[in-house]
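Notes follow once the structure below has been shown.
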Amino acid sequence: MSVEVSEQKSIEKVVTGMPTSDGAGVSLTRIIGQPDLPRLDPFLMLDFFGSDNPGEYIAGFPPHPHRGFQTVTYMLAGKMRHKDSVGNEGVIDAGGIQWMNAGRGIIHEEMPEQEEGLLQGFQLWVNLPAVEKMSAPNYQDIQPDSVPTVHIQDAVIKVLAGEVDGVKGPVKTTAVAPTFLDVALRSGSSEIALSAHEAAFIYVYEGSVVIDSGERSKETIVSQGELGVLTQSGKQLSVSADTGCKFIVVSGKPIEEPVVQYGPFVMNTQQEIVQAFNDYQSGSLAK
C-alpha cells in the first residue's frame, strides 16, 4: 500500500562530518556539535570513530567529567572498556550499546579493549530536561544478544531504543525516550515508521541511501559520511538503495529549553555551569 506524500519524511539538510580528535588524541568525525550543525535538540553531539590503526585510537578517553546529559556509546566493531568514579566497570562489545545518564555528575573513562584491529562506533550526547539534570547517575549496558532485529521489506533493523513494528529496544530511558536504530539495507527499499513531531536524523556509515519524500523531484541521496536532518512532519521514512548500505536513524522529542554548555557540562544557565565547574574542582561533582 502506498504512503501519502504528507506522511513521508524528507531531508531538510545534509551535513558532512568534520574530522577532529578528542580524548587523548582519538581520531574521529564530529557530525553534530560542529559549525554546520551545532545541535539538533535534544541531541548535543554525534561522533563517529572508525580505524584499524591503533595509533588513532589506543590512547582512548582518560577520566573526564560529565553533568546534565546522557552519553550513548554504540560499538560496530571492536571493544571499549569503561569505568567510572563510583565503581562501575564493563566492556562494550561490537553490537552492544551503553546508555549512561550522567545526571548530577560522574567521572568516566573509556579505553579500547584491544591493541590492534578495527575499532568502530558512535558516541551520541542526549540532553536532559531541567528536572532531570541533577538526577542520580546510572547505566544501561546492553549486550549484543539483547538487541532485537526486525525485518521490514529489504531492511534488517536493529532496534536499540524505541519501538519499530511492535518490537521494543532494550534501552529504557524516560527522560527523552528516543529511538535509535541501526539499519542494513540490501538492494531494494523499505519503509520505517517513525514518530512525527520529533527531531530526527539519518547518518550513513556505509554506501549510499535514497530518501524518498513521495515526490521524485524531492528524492535525496545521503552518502557515506553524511547526516541527513529529517523533517519533523511525516510518520514514514522511505529508503532505497541500488547496492547495500548501512545507516543509523535516531529521533527524539525536542526539550525546548535554554542550553548553556561548557565542555562536558550541559545546563540551563551560566550560574549552573559555574557551579558544575566549582563542584568538579572541589571534587564534589561525582558525590
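In our numbering, the protein residues as written are 596 to 882.
For every residue, glycine included, the Cβ atom is placed at its ideal position computed from N, Cα and C.
Boundaries (first-last residue) of the alpha helix (DSSP H) holding residue i
| i | result |
| --- | --- |
| Tyr-652 | Taken as a continuous stretch (DSSP letters only), Tyr-652 belongs to no alpha helix (DSSP H), as it is neither H nor E. |
| Val-742 | Element bounds for Val-742: n/a, residue is neither H nor E. |
Close-in-space but distant-in-sequence residues of the same chain around residue i (CB under 6 Å, 5 per side omitted)
| i | result |
| --- | --- |
| Gly-783 | Asp-749 |
| Val-584 | Nothing can be reported for residue 584, as the shown portion of the chain is limited to 596 through 882. |
| Ala-672 | Ala-689, Leu-713 and Gln-715 |
| Val-620 | A small fix is needed here, since residue 620 is Gly in this sequence, not Val. Closer than 6 Å at Cβ, skipping near neighbours: Ala-654. |
| Glu-867 | none |
| Gln-718 | Asp-642 and Thr-668 |
| Leu-832 | Lys-604, Ile-787 and Leu-789 |
| Gly-764 | Val-754, Leu-755, Ala-756 and Gly-757 |
For residue j and residue i, the rounded distance between their alpha carbons
| i | j | result |
| --- | --- | --- |
| Lys-674 | Leu-635 | 28 Å |
| Gly-757 | Lys-882 | 31 Å |
| Ser-680 | Gly-716 | 24 Å |
| Asp-617 | Pro-660 | 14 Å |
| Met-613 | Leu-639 | 15 Å |
| Gln-665 | Leu-755 | 15 Å |
| Gly-880 | Ser-818 | The sequence given here has Leu at residue 880, not Gly. Distance between the alpha carbons of Leu-880 and Ser-818 is about 41 Å. |
| Met-729 | Val-721 | 15 Å |
| Glu-602 | Ser-622 | 39 Å |
| Val-834 | Gln-827 | 16 Å |
| Thr-615 | Ile-627 | 12 Å |
| Arg-662 | Glu-727 | 11 Å |
| Ile-687 | Met-670 | 7 Å |
| Leu-825 | Glu-814 | 12 Å |
| Ser-877 | Ala-871 | 10 Å |
| Leu-776 | Tyr-875 | 34 Å |
| Lys-767 | Pro-849 | 18 Å |
| Gln-629 | Leu-723 | 20 Å |
| Ala-725 | Ile-702 | 21 Å |
| Cys-840 | Glu-704 | 32 Å |
| Val-600 | Tyr-734 | For Val-600, the pLDDT reaches just 45, beneath the cut-off of 50, and the residue's location in the model is therefore unreliable, leaving the point undetermined. |
Bridge partner(s) assigned by DSSP for residue i
| i | result |
| --- | --- |
| Arg-676 | Val-686 and Met-706 |
| Met-862 | Val-855 |
| Gly-802 | Answer is none; Gly-802 lacks a bridge partner. |
| Thr-826 | In DSSP, Thr-826 forms no bridge with anything. |
| Asp-807 | Ser-833 |
| Leu-696 | The sequence given here has Asn at residue 696, not Leu. According to DSSP, which records beta bridges pairwise, Asn-696 is partnered with Gln-665 and Asn-733. |
| Lys-753 | Thr-744 and Asp-777 |
| Leu-641 | Ile-627 and Leu-719 |
Where the beta strand (DSSP E) containing residue i begins and where it ends
| i | result |
| --- | --- |
| Gln-715 | 714 to 722 |
| Pro-614 | 613 to 617 |
| Val-621 | 621 to 627 |
| Glu-814 | Taken as a continuous stretch (DSSP letters only), Glu-814 belongs to no beta strand (DSSP E), as it is neither H nor E. |
| Asp-837 | No beta strand (DSSP E) contains Asp-837, which DSSP labels as neither H nor E. |
| Ser-784 | 783 to 788 |
Nonlocal neighbours in the same chain, by C-beta distance under 7 Å from residue i, ignoring five residues either side
| i | result |
| --- | --- |
| Gly-685 | His-677 and Asp-736 |
| Phe-842 | Val-778, Ile-797, Tyr-798, Val-799, Tyr-800 and Val-804 |
| Ser-785 | Ile-747, Gln-748, Asp-749, Ala-750 and Val-834 |
| Asp-837 | Ser-782 |
For this session: Tell me, please, whether the region 737 to 751 touches the region 603 to 617 by the rule of three or more beta-carbon pairs shorter than 8 Å.
Result: Flag = no, the region 737 to 751 and the region 603 to 617 do not touch.
For this session: Answer yes if the region 647 to 657 comes into contact with the region 849 to 856, meaning at least three C-beta pairs across the two stretches below 8 Å, and no otherwise.
Result: When C-beta atoms of the region 849 to 856 are compared with those of the region 647 to 657, fewer than three pairs fall below 8 Å, so the two segments do not count as touching.
For this session: Taking 8 Å as the threshold, find out whether the region 636 to 646 comes into contact with the region 679 to 693 through three or more Cβ pairs.
Result: The region 636 to 646 makes no contact with the region 679 to 693, as fewer than three CB pairs between them are under 8 Å.
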